[in-house]
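Encoded as structure tokens, the structure appears first; notes follow it.
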Amino acid sequence: MSKNFSVIGGDLRIVKLVQMLAKDGNMVYTYGLEKAEEIKEKGNIILCNNINETIRNDTKIVIGPIPFSSDGEKINSPFSDKKILIKQLMDILYSKVFIAGSIGNEMYNIVNNQNTQIIDIMKREEIAIFNSIATAEGAIEVAIANTNKNLHGSEALILGFGRISKVLAKKMEGLSVNVTCAARKSEDIAWIKTYGYNAENINELGKNLSKYDIIINTVPHIILTKERLNYVKEECLLIDLASKPGGVDTIAAKERNLKFIWALALPGKVAPTATAEFIKEAIYDIKKCDQI
Numbered sequence: 128m129s130k131n132f133s134v135i136g137g138d139l140r141i142v143k144l145v146q147m148l149a150k151d152g153n154m155v156y157t158y159g160l161e162k163a164e165e166i167k168e169k170g171n172i173i174l175c176n177n178i179n180e181t182i183r184n185d186t187k188i189v190i191g192p193i194p195f196s197s198d199g200e201k202i203n204s205p206f207s208d209k210k211i212l213i214k215q216l217m218d219i220l221y222s223k224v225f226i227a228g229s230i231g232n233e234m235y236n237i238v239n240n241q242n243t244q245i246i247d248i249m250k251r252e253e254i255a256i257f258n259s260i261a262t263a264e265g266a267i268e269v270a271i272a273n274t275n276k277n278l279h280g281s282e283a284l285i286l287g288f289g290r291i292s293k294v295l296a297k298k299m300e301g302l303s304v305n306v307t308c309a310a311r312k313s314e315d316i317a318w319i320k321t322y323g324y325n326a327e328n329i330n331e332l333g334k335n336l337s338k339y340d341i342i343i344n345t346v347p348h349i350i351l352t353k354e355r356l357n358y359v360k361e362e363c364l365l366i367d368l369a370s371k372p373g374g375v376d377t378i379a380a381k382e383r384n385l386k387f388i389w390a391l392a393l394p395g396k397v398a399p400t401a402t403a404e405f406i407k408e409a410i411y412d413i414k415k416c417d418q419i
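Each number in the numbering used here corresponds to the 1-based position in the sequence shown with 127 added.
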């Protein structure tokens with residue numbers, strides 16, 4: 128089994144992952160992490176000068192960022208000033224296994240050969256669940272830091288009822304927040320009521336938005352339009368956890384001078400080490416199952 132890994136870009140989760148892979152005795156070749164002080168001057172961590180040097184012939188697994196890209200053109204590399212293009216990466220991934228998170232269609236459309244295996248690690252249920260926990264805890268941290276009152280007794284609306292929303296609602300309820308969840312599907316609304324939360328239909332949001340102190344969106348679709356934002360009270364805190372385009376009309380929110388925070392990639396900020404450990408175990412499992 129190969130003990131070489133190539134790592135391209137990524138946030139603090141990936142930096143921690145590189146350290147863990149190296150500590151396990153693997154050789155790790157990196158690109159797009161040159162500003163990460165934690166991995167410098169480590170014997171089996173190599174900071175490469177270009178992408179071709181990083182993806183070696185004797186390396187079968189290439190690890191990318193989570194999320195992979197924010198704009199469909201460049202890969203996410205917050206620890207680098209380099210602009211690493213998706214196409215540039217795809218052109219040299221021949222016969223490799225590429226592992227990253229939240230991979231968009233642009234990746235699959237650009238890949239040039241059928242021998243390249245692309246694995247979206249965020250589609251593994253255990254990673255998605257742990258990511259939901261870290262995201263929910265991070266959202267609560269953001270809420271506490273940006274309100275001038277206790278969460279206890281506050282009226283909070285969570286838009287969507289997926290993994291993140293379920294975990295977030297439970298944790299906020301534990302802080303004595305009055306939790307309302309909004310969904311479109313009748314079965315989701317039924318589950319919201321079954322869990323004991325207040326329920327709203329997303330399609331019927333309007334004047335009822337005026338009672339909330341905190342509104343947290345988890346849906347990557349504009350729900351809080353300019354018209355709906357007119358009903359949100361001035362002191363309400365808006366937190367968007369969804370990837371682009373998000374769920375809030377940011378221009379309208381700014382025009383109304385509403386407090387709005389687009390809190391992306393929270394697991395990499397609030398629980399990078401624990402998240403990296405889960406990612407490492409998932410990669411080892413993939414490596415073992417595929418006999419790489």
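Quick reminder that beta carbons are idealized off the backbone N, C-alpha and C, glycines included.
Within 10 Å of its beta-carbon, does residue i have 16 or more other beta-carbons around it, so buried, or fewer, so exposed?
i           : result
residue 352 : exposed
residue 128 : Low per-residue confidence applies at residue 128: pLDDT is 47, beneath 50, and the placement is therefore not dependable enough to give any value.
residue 398 : buried
residue 266 : buried
residue 402 : buried
residue 272 : exposed
residue 179 : exposed
residue 166 : buried
residue 136 : buried
residue 407 : buried
residue 395 : buried
residue 317 : exposed
residue 301 : exposed
residue 304 : buried
residue 411 : exposed
Alpha helix (DSSP H) containing residue i: first to last residue?
i           : result
residue 258 : 252 to 272
residue 354 : 353 to 356
residue 294 : 290 to 301
residue 242 : First-last for residue 242: undefined, no H or E at that position.
residue 178 : 178 to 181
residue 380 : 377 to 382
residue 374 : First-last for residue 374: undefined, no H or E at that position.
Check the Cβ-Cβ distances between residue i and every residue of chain D, and say whether any is below 8 Å.
i           : result
residue 342 : Checking the listed chains, one finds no chain D in this structure; it contains a single protein chain.
So residue i packs on residue j, CB below 8 Å; how close in whole Å?
i           : j           : result
residue 229 : residue 206 : The pair is not a contact, with the Cβ atoms about 18 Å apart (cut-off 8 Å).
residue 400 : residue 143 : 5 Å
residue 212 : residue 200 : 7 Å
In the DSSP assignment, find the unbroken beta strand (DSSP E) run with residue i in it and report its ends.
i           : result
residue 367 : 364 to 367
residue 327 : 325 to 328
residue 156 : 154 to 158
residue 174 : 172 to 174
residue 133 : 131 to 135
residue 344 : 341 to 344
residue 188 : 188 to 190
residue 144 : No beta strand (DSSP E) contains residue 144, which is instead part of the alpha helix (DSSP H) from 139 to 150.
residue 420 : The chain is shown only over 128 to 419; residue 420 falls outside these bounds and no answer can be derived.
residue 226 : 224 to 227
Could you tell me which residues DSSP puts in a beta bridge with residue i?
i           : result
residue 318 : Looking at the DSSP assignment, residue 318 forms no beta bridge with any residue, so it has no partner.
residue 387 : 365
residue 202 : 196
residue 282 : 305
residue 310 : 328
residue 212 : 201
Taking 7 Å as the cut-off, is the C-beta of residue i nearer than that to any heavy atom in the ligand MG?
i           : result
residue 277 : The ligand MG is not part of this structure, which contains no ligands at all.
contact_flag[the region 384 to 393, the region 357 to 368] where n(CB pairs < 8 Å) is 3 or more:
yes
Within the chosen definition, does the region 243 to 251 reach the region 158 to 177 through at least 3 CB pairs nearer than 8 Å?
no
Could you check whether the region 305 to 314 touches the region 368 to 375, counting it as contact only if at least three pairs of C-beta atoms, one from each stretch, sit closer than 8 Å?
no
Below 8 Å, can you find three or more Cβ-Cβ pairs linking the region 316 to 328 to the region 340 to 350?
no
So does the region 326 to 344 actually touch the region 279 to 287, counting three or more Cβ pairs closer than 8 Å?
yes
Segment contact flag, the region 288 to 295 with the region 251 to 262, C-beta cutoff 8 Å, min 3 pairs
yes
Should the region 221 to 228 be called in touch with the region 144 to 159, which here means at least 3 C-beta pairs below 8 Å?
no
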